[in-house]
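Rendered as structure tokens:
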């Protein structure tokens, strides 16, 4: 992994190993999946499934789990090579390049979407007058700088930030307990399972299905297989639990009004009033949102970078970070014309893309791996789980 | 070299991205404490905003005769509320900031004739107002309420909120209803809500007093009914939101005890409403459990077990009677504010689908049976017998 | 002693006395404080010798070295030294005779000159190509007092002085282990400072030591007047506001650092001890934490954490909240603030900046003022300026409180270097808050965190224990576990492992 780090970093870190451990990777998974979803996800889900929204998370989580299992399996079977790498070995270079095109397109959609989310949040809720490019550019700049620092730095930082984020979210959820009314969850399944699956479809795209991107990060881990596996599942379970909690608490507080709230956890924090002083603590959720989105954008950017580096067989992949970020910035400012476009693309088209491209790709590779004997292909930079 | 470049780019970024857009000094904002909405003669909204006036060294406000006025009121008219708020800057010179608003008053005329959905939508859609703004319907023109000096709080906005908050706990004659509550109620299966009703009374000075509840039907968006103050606590008990109140038991022996009464302080009241559906008929089984202590004793004795049982039975009877009155009133007004429809929708969903269109009538025709169980927890620090009244 | 590029004194001392005298005079011609005494000894006092010393360095009333030297050679009262011959001198002293006074035997001229300038008395004898030098330095020294910048309530008050030998001696006295290695480097031609670095052999991290040794290469060519020059020389990032090494003037802190596996650097004529490497969390711990009991030490550590957060974010939070997000201020507080801000001509950001800068000025001025005047002026200055500013309506009372709290909080950080770092970082945060409110604060905080995570000191990540998160270290971070826990399993695992290995080889029952 030396090429990830700059030459200066190399000098400094030559005393350390340049890999991350399983706890750090699990934290990155939490950052990646929970990130912005915890504030954004209850809205579309309640819109689709009203008070059964929390149930929709279960099948979505299951789907994500399936994908996670696939990529862990692939990781183990291919001795820690990256997705592009073993894909080349399994289905050949040409097909991999073909499959990579939609993959690259997905990156060029998701990163601007995350950044737009941050910008939109701030211009709607807190600082209406500021033009959105301010938020987008600064967030992306910070993410780009983080990505350039290398994965070790990212992993270390994100562990701390995850603590903060989870603490903020859990604190808000706990403090709001007096507001909860369990009756809002009834009636159960008034319209049958169809709305639940509609919601599950949305959640499978964002965020659970996106875990397949993580196959690019697995090579950086140095850990025992059992340890890696358990930590990854644990991290994913934490994600599922947090999102479930967020949706559940939204429903418990706002009942039938949940569908019309755009940033439910934020509104939830606004409802908390404990003694005259502890009120309007939604700033806390604002912080959690920025941290989450920033971490998610950084990880995505890093993975995008890795994919480009491996596809084009580059040695130094830090050079691409700034140009790629600039492209994403421009896209984020121009891609979404109106709120309706955003909703349609993120909650209707994206899940489909994730399931088809991501899910399909990974499933294909897994099946091929199952049947084909492993050909020792080119190991670019491999260091994976040891047994 | 590198740090220099970084520093220069940081400065450049700062200059270019300087957020002088959202940046506003505290003194450029006018913090609205309460807002009152009426309809003007031309059918437009008249917004009266009460603004906190910081006790600075400014020259005294022209419209203010009293010495330590800490608020000013400003009125604007417009077809939309956003327009009215922005127009206020024309006279004030500061931007109205709604983030610390305490209460929203809607005039009775406005509530009865215009769909208040527009008002509610504005205040929930804007990011500034909080969800816990108290909503109040005022008798007459709402703007008058903001022009009277507050009784004890700093501003009328605060005054209303405190009245709602404390009164619901102590006298039981009003309820604290916030914007979020109305938001939720309006989207429920049975979109009925109650909102505190205020009126002006003149004692040594003009006061705003909580006076019952107004019933709002969100299907039409207007005020469709009124619950008088005597019946209000019992409606609140039926809504299972009761926090505290008083039951008076008049003394029915004549002579020296004429005109006297005993009082029972209700600390806790739990009501469960069981809708029982037989065929096409609805019957409500209502069970209310009360817990409380003696407030004052003038004629009865509550020393022995039998006396206590007798007392609590009387309390139960009285409360039961009043509850019946309350429920009849609600049925007359076809206002299911006590959540029967909600309960049906939650537990008997398929039936609810059938009944929903005709629900107000079905509710009005439903039978009910009320059972009250009262429990005496203590008699205060005197024993259960009044030594004052012989 | 290595000196390169030093002209033409590399030659040996000549046997001709006159030669030596001339060469010495030539080398030291610029100084008037070099004294040369001429002696005659032997039969008829026909043999000559001279002693040379720098009278500003040497105690005039110290032993008369010429006399004692000659006294070594006769077993009776010396008298007029008529029985002493140069051969005796050569034999006795050239072959390591036991003299009354300890001496060094010199054979190079530059050695002799160096010794003279280091406070020795150097004796030259005729017909001998060696010289004798006797240490006789006596310059005024500071007494060992309590360190001014690190006072303590409980614990030793031994502070270092400006004498390298004395300081090292005090440290050796605490750490009696033979594994305490002390090495010297002499740096510079003009200053010729002795840099000493010390470490405990089995406690220090070999990678850190290697990095240190690699960095310190080459410093001997430059003039190093103070320990801070060494710090800057071996630093990873000179532009970072965060200090990468710690200073102390207390010997107990130095000893504790050695046990932790740190490397100490001392420089002659300076009391400052440099502790390398220092990670972020080290700046929040003091040795006094270990002298108090668990509960109080833990609470004080938490207080320091609070102080850190306040010192860093309070002014920016105030600016951001009052200009961008007044909705987040609780109503009661807001109304109070409104009252005070009415009539202030400046925007909140500008007001905050002005107050902060005034406070910094006051602080700097307070340091420079002579002691009797200093404290009075700072207190009076702060009070008066604060009050006057409020009355003149230049600043609001809230702002004064914010600035005062921030200042006090930054003093609660035990190590001065970290306090400075906070002062520096606070300003960009305030600017960011003034430009973009809460979002600005978040971005700058993230960038600072990124910087801290990237920073390394001698190969160790700067946020060790936090960034590569090690749960084990939590017991000594924001709280302090009872010392029993530390005794049984000391922080420095290396030392423990080594000790276990040692004991095991001695046949001791395994620990």
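Protein chains in written order, with this note's numbering: chain A, 7 to 393; chain V, 4 to 393; chain B, 49 to 559.
Note that CB positions come from ideal geometry on N, CA and C, so glycine has one too.
Boundaries of the alpha helix (DSSP H) around residue 99(A): 89-127.
As the crow flies, the alpha-carbon of residue 390(B) is around 51 Å from that of residue 356(A). Contact of residue 26(V) with chain B by beta-carbon distance below 7 Å involves 371 and 372. In this structure, residue 172(B) sits near residue 65(B), with a CB-CB distance shorter than 8 Å. Not a single CB atom of chain V sits nearer than 8 Å to the CB of residue 199(A). In terms of CA proximity to residue 267(B), 315(B) leads the group 472(B), 315(B) and 87(B). Assigned with DSSP and collapsed to three states, residue 254(V) falls in coil, not helix or strand.
For residue 172(B), the enclosing beta strand (DSSP E) begins and ends at 168-173. Under the criterion of beta carbons closer than 8 Å, residue 345(V) and residue 180(V) do not qualify as touching, at roughly 17 Å. Against chain B, the beta carbon of residue 165(A) has neighbours under 8 Å at 515 and 517, listed in chain order. In this structure, DSSP gives residue 146(B) a state outside helix and strand, which the three-state scheme calls coil. Here residue 142(B) is exposed: its Cβ has fewer than 16 other Cβ atoms, across all protein chains shown, within 10 Å. DSSP places residue 49(V) inside the beta strand (DSSP E), whose first and last residues are 48-55. Along the region 374-417 of chain B, the beta strand (DSSP E) does not occur as any fully enclosed run of 3 or more residues. With a 10 Å radius around the Cβ and a threshold of 16 neighbouring Cβ atoms, residue 81(A) comes out buried.
Beta bridge pairing from DSSP links residue 508(B) with 505(B). Residue 32(V) belongs to the set of residues whose beta carbon lies under 8 Å from a beta carbon in chain B.
For residue 183(B), the enclosing beta strand (DSSP E) begins and ends at 179-183. In this structure residue 367(B) is in contact with residue 481(B), their Cβ atoms being roughly 4 Å apart against a cut-off of 8 Å.
Residue 379(V) and residue 266(V) have their alpha carbons spaced roughly 12 Å apart. When only Cα atoms are considered, residue 48(A) and residue 245(A) end up about 14 Å apart.
Taking all protein chains shown into account, residue 135(B) has fewer than 16 neighbouring C-beta atoms within 10 Å of its C-beta and is therefore exposed. The C-beta of residue 134(V) comes no closer than 8 Å to any C-beta of chain B. Using a Cβ distance threshold of 8 Å, residue 176(B) and residue 138(B) count as a contacting pair.
Taking 8 Å as the upper bound for CB-CB distance, residue 192(B) and residue 506(B) are not in contact here, some 30 Å apart. Around the beta carbon of residue 81(B), fewer than 16 other beta carbons lie within 10 angstroms, which makes this residue exposed. Across the set 181(B), 149(B) and 146(B), the C-alpha of 181(B) shows the shortest separation from the C-alpha of residue 157(B). Between residue 503(B) and residue 280(B), the beta carbon gap of about 15 Å keeps them out of contact (Cβ cut-off 8 Å).
The C-beta distance from residue 188(B) to residue 167(B) rounds to 13 Å, too long to meet the 8 Å contact threshold.
Neighbours of residue 162(A) across chain B, judged by C-beta separation under 9 Å: 501, 509, 511, 514, 515, 516 and 517. Under the three-pair Cβ rule at 8 Å, the region 91-101 of chain A does not count as touching the region 272-286 of chain A. Within 10 angstroms of the beta-carbon of residue 312(B) lie 16 or more other beta-carbons, which makes it buried. With three or more CB-CB distances shorter than 8 Å, the region 163-180 of chain A counts as touching the region 250-266 of chain A.
Residue range 228-235 is occupied by the beta strand (DSSP E) that includes residue 232(B), with no alpha helix (DSSP H) assigned at that position. Taken in chain order, the complete alpha helix (DSSP H) segments of 4 or more residues contained in the region 308-360 of chain V are 308-335, 343-350 and 352-358. Linking residue 195(V) to residue 263(V) through their CA atoms gives a straight-line distance of about 39 Å.
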